[in-house]
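To start, the structure itself, in structure tokens.
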Amino acid sequence: MARTFRYYGKKRGNRRTGSSTLGSAGELLFYAAFLLAGCGGLVALFAFLVIPEWRVNNEFVKHSCVVIEKRIGETKDEDDTLYRPEFHIKYEVEGVSYLVWTFDIRMAYSGGRENVQEILSRFSETTDPERPIEYPCWYDPANPESVVLVRRSSWWIWLIFIVPASFILIGGGGLIYRVLHWGKSAERSAAMAQRAARRDPFELNGPSGPEFPHVPGGGDITNSPGTTLKFRLPIGTSPGWALFGTLVACVLWNGIVSVFVVIAVGSFVDGDPDWFLTLFIVPFLAVGIVLIVVLVRLLLVTTGIGPTMVEISDHPLVPGAEYRFFVSQTGRLQVNVLTVSLVCEEEATYRQGTDTRTETRRAYREEVYRREGFEVHRGLPFETECELSVPAGAMHSFKADHNEIRWKLVVEGDIAGWPDFKRDFPVIIRPRDGGSSQ
Amino acid sequence: MNDCSVIIVFDGNGRTYRPGEELSGEYRLETAAPGEIKAVEVSVLWHSEGKGDEDLAVHEFWRFSTEDGDWIDPGRPARFSTVLPNSPMSYDGLIVKILWCVRVRVFFHRGKDVVAQKPFQLGAVPAIEV
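Quick note, the sequences are listed as chains A and B, same order.
Counting in my numbering, the first sequence runs without a single skipped number right up to 438 at its last residue.
Counting in my numbering, the second sequence runs without a single skipped number right up to 1130 at its last residue.
This is how it looks when you write it as structure tokens:
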């Protein structure tokens, strides 16, 4: 089917389509503008800062002069007044006498009148021509009217180069990428990108091995040997990190909300209630309270319920195979129910406007262990070892830029007097060698 | 606008393949005049569908271009063949779907390119039941 040029966007199912030609042209212009701005900035920096300073230090001729007059130059910059030292100097080059207002090559204004005053005090004016007070100065041999009283080597100039350099890198890189892919099909671009990625030495240890493309390698899962079985599985999200993240969110949110709460309460105390602010902050306050509840719950689970440990007899897993796994739960607990499940989740990332959203759906869950009504004593962890069968038709683990299929063992506990807890232990399911999943 | 159409046929009329199995077939361009075609690209690829943005990866890619001295005869069927990879398998999930196909894209000296694709199944992972 022939495709015609389309400059408008069109919604198709979950996806919005548009003119790729127009999109590419827009990107090309965007990156070109970045590159031009970077190059312009670079040239300007060299022309106005680097080259004049270099010429003063390397090409200007040393001479002597007398200061006739000195003053503080002033200029207004929006709210502030800026200052610079200005010296009226007199010097003679090849019989020609020059009278010039100068200081350094940039003659830049800055804040701080005291600093400028201090610079002025370093030079004395010649009041008696019979007893001149001479100072060194440097003039441009090509134009003797161009003269400075001080020479500088400003190292910070090179820091400013970060700005145009980043513009050039972003603009140039984007432009090269766009030009290389201009007029190329999605398949050809993908093939080129894949070839380039294969040349990347860091990609060799990345998520996709060459034998099983787009199946995560799982190297981080097998780097910890178990004490009872072959591998100890790492926990998906450490309870400590989850607690820290929730604590930070809770403090930030409630810190900001508390400012408005204080203002609202103050209005009531003063006898002039601000009802609009009060009603406005109610939902924000509710979110803050929920965050506190979540934090307390996490704190109880993290500190009260001991660590959970899961070990497995082999890894990666393959569909249709059987394994043994070992669970250890420490703490001092009256357990109502403890379950272990094999779970598969699909995760899709998509852009909606300027936001990037992620949606996760559970595609498979099978309870592989369950025990009810037992006690765990301090110093005597609960331990159990049991069978795990991976379904013969299970989809393998998969990871691409925007889509992912991941498997994990999930330990869930219903503990008397404590909040329920749930801990994930990711595993990799690899396709069977040279065969289908079945 | 080009009214060329592309016919893709798999050997043995295969639809489902196992990882490591050979996929072969041929394509032919119908109603295209010789000299009109600038290039032909043949890809064996997978792409995603569903809730997420599209991922696409090419397993095998061939490009034939008259500018590179390749002879493209639209009247003659052209063959392709590749050994399929171990992964990713075709998958029909809840919000993630992985689809394999052979895609033929024809570029003309004038007018827009023409694309045709023929899907096939890699592996036999059953669809997720909602």
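Ideal Cβ positions, reconstructed from N, Cα and C, are used throughout, including at glycine.
Computed from a predicted model, the values in this text were never measured in an experiment.
Taking 9 Å as the upper bound on Cβ-Cβ separation, chain B lies near residues C344, E346 and E347 of the segment 323–347 of chain A. In the three-state reduction of the DSSP assignment, D80(A) falls in the strand class, which pools E and B.
Chain-ordered listing is empty here: chain A has no CB closer than 9 Å to the CB of G1025(B), the nearest sitting near 17 Å.
Between G331(A) and E346(A), the alpha-carbon positions lie close to 33 Å from each other. For S267(A), the uninterrupted alpha helix (DSSP H) run begins and ends at P239 to V269, by DSSP. Collapsing the DSSP output to three states places S24(A) in a helix.
When DSSP states are grouped into helix, strand and coil, I1072(B) belongs to the coil group.
The beta strand (DSSP E) runs of length 3 or more contained entirely in the segment 1012–1085 of chain B are, from start to end of the chain, 1022–1030, 1037–1050, 1056–1065 and 1078–1083.
Look at I157(A): its C-beta is not under 8 Å from any C-beta on chain B. D401(A) is the residue among G172(A), E69(A), C137(A) and D401(A) whose C-alpha sits nearest the C-alpha of V215(A).
Per DSSP, I51(A) is one residue of the alpha helix (DSSP H) stretching across I51 to N58. Looking at the DSSP output, W138(A) bridges to K62(A) and V148(A).
For the pair of segments examined, the segment 1081–1088 of chain B was found to touch the segment 1014–1023 of chain B: the number of CB pairs separated by less than 8 Å reaches three.
Taking 8 Å as the cut-off, the beta carbon of I235(A) is found closer than this to the beta carbon of R423(A). For V287(A), the uninterrupted alpha helix (DSSP H) segment begins and ends at W275 to G304. Under the DSSP assignment, F382(A) falls outside any alpha helix (DSSP H), being part of the beta strand (DSSP E) whose first and last residues are F382 to S389. At a cut-off of 8 Å between beta carbons, F1061(B) contacts chain A.
Ranked by Cα distance from T308(A), the options G413(A), C344(A), R371(A) and S389(A) are led by G413(A).
With distances taken between CA atoms, F244(A) lies nearest to L298(A) out of P283(A), D77(A), D355(A) and L298(A). For G320(A), no chain B residue has a Cβ inside 8 Å of its Cβ, as the nearest lies near 12 Å away. Taken through DSSP and simplified to helix, strand or coil, S189(A) comes out as helix. For S1048(B), the chain A residues whose Cβ falls inside 9 Å of its Cβ are A348, A400, H402 and N403, in order along the chain. Chain order gives the chain A residues near D1055(B) as A400, D401, H402 and N403, where near means a beta carbon separation below 7 Å. If you check the CB distance, E187(A) and R1079(B) do not come in under 8 Å.
Ranked by Cα distance from K1097(B), the options D1068(B), I1072(B), H1047(B) and Y1027(B) are led by H1047(B). For R178(A), the enclosing alpha helix (DSSP H) begins and ends at I162 to H181. Three or more Cβ pairs drawn from the segment 1035–1049 of chain B and the segment 1105–1112 of chain B lie within less than 8 Å of each other, which places the two stretches in contact. For Q334(A), the beta-bridge partners assigned by DSSP are E375(A).
Contact annotation: V390(A) and V327(A) have beta-carbon atoms that are not nearer than 8 Å. Among the residues of chain B, those whose CB is under 7 Å from the CB of A186(A) are L1056, following chain order. Contacts with chain A at 8 Å (Cβ-Cβ) include P1019(B). Assigned with DSSP and collapsed to three states, N223(A) falls in coil, not helix or strand. The shortest CA-to-CA distance from E53(A) to any of Y139(A), I89(A), I68(A) and I72(A) is the one to Y139(A). 8 Å or more divides the Cβ of P283(A) from the Cβ of G218(A). Pairing C1101(B) with V1044(B), the inter-Cα distance amounts to about 6 Å. Non-local C-beta neighbours of I1095(B) in its own chain, meaning closer than 6 Å and more than five positions away in sequence, comprise G1050 and K1051, ordered along the chain.
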